[in-house]
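S.K.: Have a look at the structure that comes next, please.
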Amino acid sequence: MTITEQRTQTYGYSDLPGLMGLMTGDEKHGPAATSTLDVLWVLYDRVLRVGPDSADDPGRDRFLLSKGHGPMAYYAVLAAKGFLPVDRLPGFGSYDSPLGHHPDRTLVPGVEIGSGSLGHGLPIAVGTALGLRAQGRHDPAVWTLIGDAELDEGSNHEAIAFAGPAGLDRLHTVVVDNSSASYARPGGIAARFEAAGWSARTVDGRDHEALYDAFTAPHPGRPHVVVARVEPKNA
Amino acid sequence: MDSMRDRFAPVVTRLLDEDPRVAVVLAEIGADGFAEAKRRHPDRVVNVGIREQLLVGAASGMALAGMRPVAHTFASFLVERPFEQVKLDLGHQDAGAVLVSAAASFDWPAGGYTHMAPGDVALLDTLDGWTVHVPGHPDEAETLLRHAVAAGDDKVYVRLSLQSNATGRSVDGQRFLTVREGHAGVVVAVGPMLDAVLAATEGLDVTVLYATTVRPFDGDALRRAAVAAGTDVVLVEPYLAGTSTAAANDALADVPHRVLGLGVGRAELRRYGQIDEHVAAHGLDARSLRERITRFTTGAVPAGA
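If you read the protein sequences in the order shown, they are chains A and B. If you read the first sequence in the working numbering, its first letter stands for residue 54, the second for the next number, and so on. If you read the second sequence in the working numbering, its first letter stands for residue 107, the second for the next number, and so on.
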């Protein structure tokens, strides 16, 4: 397991439940609260080229959390990686805290978008990829994380159908699939992206090596989606 | 005379040439006008197809990446259909963009209500921080488009219309102009309504202010005009009647005053036809305006009305 340096303390994956506990008052969390935890950890620990000191660097990788509901895992990973002080976590959701039940990009360092209303992250990520390309910045990767039920929102389908044919190969989407969509078909998530010309992988969303392999798979000329399957929300 | 929309692509193409931050985002509508610009700037002219949520979302992302996006389509599909994207992807994300609309309240009456957006400015009024330009002539449109793109990372709406005054005026992207001075009322004519207002108030003792930038609302100009002309105020707007009534009331909050808000009616006409027929149906032709302005400012019905 990789650990990361912080000014006074280092935090690893095993510290994340404790950090979440500072927000929730409980070190035990159900599958819904942690559905994104492994994806977020692998991304911030091993994939994204961004840290507290490069959070405003125009050449940084971008991660846009579209599924803004239940952001405790996100804040815990950001705190573990030093974007925000651990001592801000206990105020989660309070009037004076920057940490809301949905994140606000203007309040939290490292948070690229405010989210909460579903279906906004992927279209904004498309625009971010377009904007970077228009500036000749072909290196930064743009990532967004959405939920399988969030995929119901039609705005996602506008973005998916555009990004494939447009060849936005710096665009990456993670769909965390905890079977929370009321209407779904097996394999339907990846199939929709593939139909639009995306590169697609479906993996166990708790398996760090499988996630890392899927996140770093080459996808020349095409945007890339990783469907990360975790325990059903209502199992 | 060419139209405001005829000026849009040429002006913005020049801005694309001049400023590497500028990008254009389209949803099919208006794409032909940018064909040459797209050849010169393939990554800064983006047509997302008929996808208006993506139009605004992509503009947001481009702004967050450091660009100055200009997004364009008909007003009904730019402000109304993706309104939550306007509210969140621009406002809540603290991202700037220039939204340039065409078709206005009823530029294509034969197209019916689906292509009419009299409520666009009123909708933007529910949000914070928007500058709203309503040019009344193609020359003014050109000037105001340049102001809009040059306005840092501000959120700016430019409302283009086929309705136009015969001559353009020297607008500055901020202030109302005083076109006529009188002593018995102030009439604020917004954008393309000026010619009709000037004809309607011919021989009446009223001050006429000309507004092409309506947000922020130039309350100082209204207060100054009211010193000589009194505090009976008529607003004549080419979009939903009463859209600026609250702004006028706020400007005159410390003095007794009356405000009449004229504009496009709320009721759906369910008529096709021509622009002038819709202008008349909403009581915005010179003869109707003269009657309504006179009755409000003098209490009398004018001769010949």
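Cβ coordinates follow ideal geometry from the N, Cα and C atoms, glycine included.
Between the stretch 252-264 of chain B and the stretch 204-214 of chain B, do at least 3 Cβ pairs fall closer than 8 Å?
M.R.: Flag = yes, the stretch 252-264 of chain B and the stretch 204-214 of chain B touch.
S.K.: Go ahead and label M76 (chain A) buried or exposed: buried means 16 or more other beta carbons lie within 10 angstroms of its beta carbon, across all protein chains shown.
M.R.: With 16 or more other Cβ atoms within 10 Å, it is buried.
S.K.: Would you mind listing the alpha helix (DSSP H) stretches within the stretch 176-250 of chain B that are 4+ residues and don't spill past its ends, in chain order?
M.R.: DSSP runs (the alpha helix (DSSP H)) wholly in the stretch 176-250 of chain B: 226-230.
S.K.: Using the beta-carbon of each residue, which ones in chain B are nearer than 9 Å to F136 (chain A)?
M.R.: None at all; the shortest Cβ gap to chain B is about 17 Å.
S.K.: Given A253 (chain A), which residues of its chain have a CB within under 6 Å of its CB, disregarding the five upstream and five downstream residues?
M.R.: Correct list, in chain order: A243, F246, E247 and V278.
S.K.: Is there a C-beta anywhere in chain A that falls below 7 Å from the one on G167 (chain B)?
M.R.: Yes, contact with chain A.
S.K.: Going by C-alpha to C-alpha distance, which of A:E206, A:P156 and A:V179 sits closest to G172 (chain A)?
M.R.: Comparing Cα-Cα distances from G172 (chain A) to each of A:E206, A:P156 and A:V179, the minimum goes to A:E206.
S.K.: Per DSSP, S252 (chain A) is paired with what?
M.R.: A:H277, per the DSSP bridge assignment.
S.K.: List, in chain order, every chain A residue whose beta-carbon is nearer than 9 Å to that of H363 (chain B).
M.R.: Under the 9 Å cutoff, chain A gives no residues; its nearest Cβ is about 38 Å from H363 (chain B).
S.K.: Nearest by alpha-carbon distance to D112 (chain B): which of B:L251, B:V185 and B:V342 is it?
M.R.: Nearest C-alpha to D112 (chain B): B:L251.
S.K.: If we count the other Cβ atoms within 10 Å of its Cβ and call it buried at 16 or more, is D134 (chain A) buried or exposed?
M.R.: In the sequence on display, residue 134 (chain A) carries Lys and not Asp. Its Cβ being crowded by 16 or more others within 10 Å, K134 (chain A) is buried.
S.K.: Compile a chain-ordered list of the residues in the stretch 143-169 of chain B whose CB is closer than 7 Å to at least one CB of chain C.
M.R.: Among the chains of the structure shown, chain C does not appear; the protein chains present are A and B.
S.K.: Using CA coordinates, which residue listed in A:Y66, A:L90, A:L118 and A:V95 is at the minimum distance from T197 (chain A)?
M.R.: The candidate whose alpha carbon is nearest that of T197 (chain A) is A:L118.
S.K.: Output yes if chain A places a C-beta closer than 7 Å to the C-beta of M299 (chain B); else output no.
M.R.: No, no contact with chain A.
S.K.: Would P70 (chain A) count as contacting chain B if we go by Cβ distances under 7 Å?
M.R.: Taking Cβ atoms only, chain B never reaches closer than 7 Å to P70 (chain A), which makes this a no.
S.K.: Check distances from the C-beta atoms of the stretch 218-237 of chain A to those of chain B and list, in chain order, the residues that come in under 7 Å.
M.R.: Residues: none.
S.K.: K81 (chain A) by DSSP, collapsed to three states: which one?
M.R.: In this structure, K81 (chain A) counts as coil in the three-state DSSP scheme.
S.K.: According to DSSP, is H384 (chain B) helix, strand or coil?
M.R.: H384 (chain B): helix per DSSP, three-state reduction.
S.K.: For V179 (chain A), which residues in chain B fall below 9 Å Cβ to Cβ?
M.R.: The answer, in chain order, is V154, L160, G163, A164 and G167.
S.K.: Between which two residues does the alpha helix (DSSP H) harbouring F24 (chain A) extend?
M.R.: There is no way to answer for residue 24 (chain A), as the model of chain A reaches only from 54 to 288.
S.K.: If I follow the unbroken alpha helix (DSSP H) through I213 (chain A), where does it start and stop?
M.R.: That run of the alpha helix (DSSP H) goes G207 to A216.
S.K.: Buried or exposed: which applies to K81 (chain A), given that a residue is buried once 16 or more other Cβ atoms fall within 10 Å of its Cβ?
M.R.: Counting Cβ neighbours within 10 Å, K81 (chain A) comes out exposed, since fewer than 16 surround it.
S.K.: Is the Cβ of L160 (chain A) closer than 7 Å to any Cβ of chain B?
M.R.: So no, L160 (chain A) is outside the interface.
S.K.: For L366 (chain B), report the span of its alpha helix (DSSP H) as first-last.
M.R.: Unbroken run through L366 (chain B) is the beta strand (DSSP E), R364 to V370; no alpha helix (DSSP H).
S.K.: The stretch 185-206 of chain A: which residues have C-beta closer than 7 Å to a C-beta of chain B, in chain order?
M.R.: Cβ contacts with chain B come from L185, R186, A187 and Q188.
S.K.: With 7 Å set as the bound, which would you pick, yes or no: does the beta-carbon of F116 (chain A) sit closer than that to a beta-carbon of chain B?
M.R.: False, the Cβ-Cβ gap to chain B never drops below 7 Å.
S.K.: Within the 7 Å Cβ cut-off, does P176 (chain A) reach chain B?
M.R.: True, the Cβ-Cβ gap to chain B drops below 7 Å.
S.K.: Can you tell me whether R150 (chain B) is buried or exposed, with buried defined as 16 or more other CB within 10 angstroms of its CB?
M.R.: Buried, since its Cβ has 16 or more Cβ neighbours within 10 Å.
S.K.: Residues in the stretch 198-224 of chain B with C-beta within 7 Å of chain A's C-beta atoms, listed in sequence order?
M.R.: Cβ contacts with chain A come from H198, Q199 and D200.
S.K.: Got a sec: is the Cβ-Cβ distance from A302 (chain B) to anything in chain A below 7 Å?
M.R.: False, the Cβ-Cβ gap to chain A never drops below 7 Å.
S.K.: I want to verify the contact list: residues of chain A whose CB lies under 7 Å from the CB of D195 (chain B), in sequence order.
M.R.: Here the neighbours are H173 and I177.
S.K.: So, at 6 Å on beta carbons, what are the nonlocal neighbours of T55 (chain A) in its own chain, with the 5 sequence-adjacent residues on each side left out?
M.R.: With a pLDDT of only 48 at T55 (chain A), under the threshold of 50, the placement of this residue in the model should not be trusted, and no figure is reported.
S.K.: Can you give me the start and stop residues for the alpha helix (DSSP H) that H261 (chain A) sits inside?
M.R.: Where H261 (chain A) is concerned, the enclosing alpha helix (DSSP H) stretches over H261 to F268.
S.K.: Following the continuous alpha helix (DSSP H) through R111 (chain B), name the residue where it begins and the one where it ends.
M.R.: M110 to E124 is the span of the alpha helix (DSSP H), which, as asked, contains R111 (chain B).
S.K.: Residues of chain A with CB closer than 8 Å to the CB of G235 (chain B), please, in chain order.
M.R.: Neighbours of G235 (chain B) on chain A: none; closest Cβ ~13 Å, over 8 Å.
S.K.: Pull the bridge partners of A129 (chain B) from the DSSP assignment, please.
M.R.: B:P175, per the DSSP bridge assignment.
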